[in-house]
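Single-structure report; data block below.
Numbering (the working numbering), first residue to last: -3 to 341.
Laid out in structure tokens, this is it:
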């Protein structure tokens, strides 16, 4: 089905050679594995854009909202990607104002999207706190309680044990380091333990097992980070506990770049951190081994993108190098395959 799985005999020979090199101790070859491909994949179904939100429900990925230069506007359309059919289908538009830099999460088969910036300066200076729930079974959106931490853009979201957590980001007056838990059963937000990494925006988050991980991003002094923290929601008397994860002994931190506004997806219990503002490098994080390995880079500098996982393939589309302009290309990433330049078409 995927082009990465349709290798020629020559490509198989290359892959076999690569495995021999790895077994002989060539760590560099191992670290560069992973294939980005767009051959046979359709471009994103909507207009070019950057700063959209993305999520996956079951085996369907979604990208929507954001900013597009095609109409020079913040948009509210949403599109669903069916990986089996390789098609994009437009769904019911987001019911709030058109916006960029919103955040999204998925709980019990429903998606939640909110926050961001719509540039309507008469209301909270354009920064948003409204949230909406999307039910794919009915293709309808419903408003939920406004975000408990107030209006902001570039908030970070994750889900652990059927509860969602949203925090960080900034608005016209402040950068944030708070986090709030959302309970869908009560439609209430509850403030949790303060993020220990300090105020930041453009952070990257992901969940593996019963823990979430948050890191990277940019401070209110415009300094980019490369730290990462784990979050245990059961710690600290139920308020959650943040723990900084130190790099493994011997890891060369000088070769591990700081970044903000990057993307992430999880495949087989490992997280893949992709690009960011002005970056194209890709790193694999294994929480069990607490190890970072550099993988094949994304073909261009890319941040502010939409990303999700379906099966054992990570997908990334839209975005830009610096948060303006935008793209409509759409890529898959197979971490088990060697680089195949023929897939970049």
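Virtual Cβ for every residue (Gly too), placed ideally from N, Cα, C. Note that the coordinates shown come from a computational prediction; the quantities given were computed from them, not determined experimentally.
Residue i vs residue j beta-carbon contact at 8 Å
{"i": "residue 52", "j": "residue 306", "result": "yes"}
{"i": "residue 172", "j": "residue 164", "result": "yes"}
{"i": "residue 57", "j": "residue 311", "result": "yes"}
{"i": "residue 255", "j": "residue 192", "result": "no"}
{"i": "residue 29", "j": "residue 331", "result": "yes"}
{"i": "residue 129", "j": "residue 108", "result": "yes"}
{"i": "residue 333", "j": "residue 31", "result": "yes"}
{"i": "residue 295", "j": "residue 204", "result": "no"}
{"i": "residue 134", "j": "residue 321", "result": "no"}
{"i": "residue 237", "j": "residue 228", "result": "yes"}
{"i": "residue 75", "j": "residue 60", "result": "yes"}
{"i": "residue 166", "j": "residue 142", "result": "no"}
{"i": "residue 339", "j": "residue 35", "result": "yes"}
{"i": "residue 147", "j": "residue 174", "result": "no"}
Proximity winner among the options, relative to residue i (alpha-carbon distances)
{"i": "residue 54", "options": "38, 78, 238, 35", "result": "78"}
{"i": "residue 299", "options": "323, 285, 238, 91", "result": "323"}
{"i": "residue 316", "options": "218, 158, 270", "result": "270"}
{"i": "residue 157", "options": "102, 196, 29, 277", "result": "102"}
{"i": "residue 118", "options": "195, 38, 168", "result": "168"}
{"i": "residue 210", "options": "40, 60, 37, 153", "result": "153"}
{"i": "residue 155", "options": "45, 208, 123", "result": "208"}
{"i": "residue 43", "options": "325, 263, 90", "result": "325"}
{"i": "residue 73", "options": "104, 137, 292", "result": "137"}
{"i": "residue 280", "options": "141, 178, 202", "result": "202"}
{"i": "residue 214", "options": "195, 238, 228", "result": "195"}
{"i": "residue 70", "options": "48, 82, 285", "result": "48"}
{"i": "residue 112", "options": "133, 145, 151", "result": "151"}
{"i": "residue 275", "options": "91, 257, 264", "result": "257"}
{"i": "residue 100", "options": "314, 290, 302, 309", "result": "302"}
{"i": "residue 185", "options": "162, 121, 200", "result": "162"}
{"i": "residue 230", "options": "188, 64, 262, 132", "result": "188"}
{"i": "residue 180", "options": "292, 104, 91, 263", "result": "104"}
{"i": "residue 114", "options": "132, 91, 33", "result": "91"}
{"i": "residue 243", "options": "232, 222, 35, 97", "result": "222"}
{"i": "residue 253", "options": "226, 217, 212", "result": "212"}
{"i": "residue 139", "options": "219, 217, 183, 170", "result": "183"}
{"i": "residue 219", "options": "232, 197, 132, 88", "result": "197"}
{"i": "residue 245", "options": "67, 234, 285, 178", "result": "285"}
{"i": "residue 235", "options": "289, 178, 33", "result": "178"}
Buried versus exposed call for residue i [16 or more other C-beta atoms within 10 Å across all chains shown]
{"i": "residue 329", "result": "buried"}
{"i": "residue 336", "result": "buried"}
{"i": "residue 19", "result": "Caution applies to residue 19, whose pLDDT of 34 falls short of 50 and renders its modelled position unreliable; the value that the coordinates give is listed next. Flag for residue 19 reads exposed."}
{"i": "residue 50", "result": "buried"}
{"i": "residue 247", "result": "exposed"}
{"i": "residue 86", "result": "exposed"}
{"i": "residue 267", "result": "buried"}
{"i": "residue 318", "result": "exposed"}
{"i": "residue 259", "result": "buried"}
{"i": "residue 369", "result": "Here the chain covers residues -3 to 341 and nothing more, so residue 369 does not appear."}
{"i": "residue 287", "result": "exposed"}
{"i": "residue 125", "result": "buried"}
{"i": "residue 273", "result": "buried"}
{"i": "residue 264", "result": "exposed"}
{"i": "residue -3", "result": "With a pLDDT of 42 at residue -3, under the threshold of 50, the predicted position of this residue should be treated as unreliable, and no value is reported."}
{"i": "residue 145", "result": "buried"}
{"i": "residue 67", "result": "exposed"}
First through last residue of the beta strand (DSSP E) which encompasses residue i
{"i": "residue 129", "result": "123 to 131"}
{"i": "residue 86", "result": "83 to 87"}
{"i": "residue 228", "result": "224 to 228"}
{"i": "residue 330", "result": "326 to 330"}
{"i": "residue 305", "result": "302 to 306"}
{"i": "residue 106", "result": "106 to 113"}
{"i": "residue 348", "result": "In the structure displayed, the chain extends from -3 to 341; residue 348 sits before or after that span and is not available."}
{"i": "residue 310", "result": "309 to 313"}
{"i": "residue 139", "result": "136 to 140"}
{"i": "residue 408", "result": "Only positions -3 to 341 of the chain appear in the structure, and residue 408 is not among them; the question remains open."}
Any chain B beta carbon closer than 8 Å to residue i
{"i": "residue 86", "result": "No chain B is present in this structure, which holds just one protein chain."}
Runs of beta strand (DSSP E) wholly within the segment 156 to 214 (minimum 3 residues, chain order): 159 to 163, 175 to 179, 184 to 187, 200 to 204, 207 to 211
For the segment 215 to 278, list the beta strand (DSSP E) runs that are entirely contained and at least 3 residues long, ordered along the chain. 224 to 228, 237 to 240, 259 to 263, 266 to 272
Quick one: complete beta strand (DSSP E) runs, 3+ long, within the segment 50 to 99? 56 to 64, 69 to 78, 83 to 87
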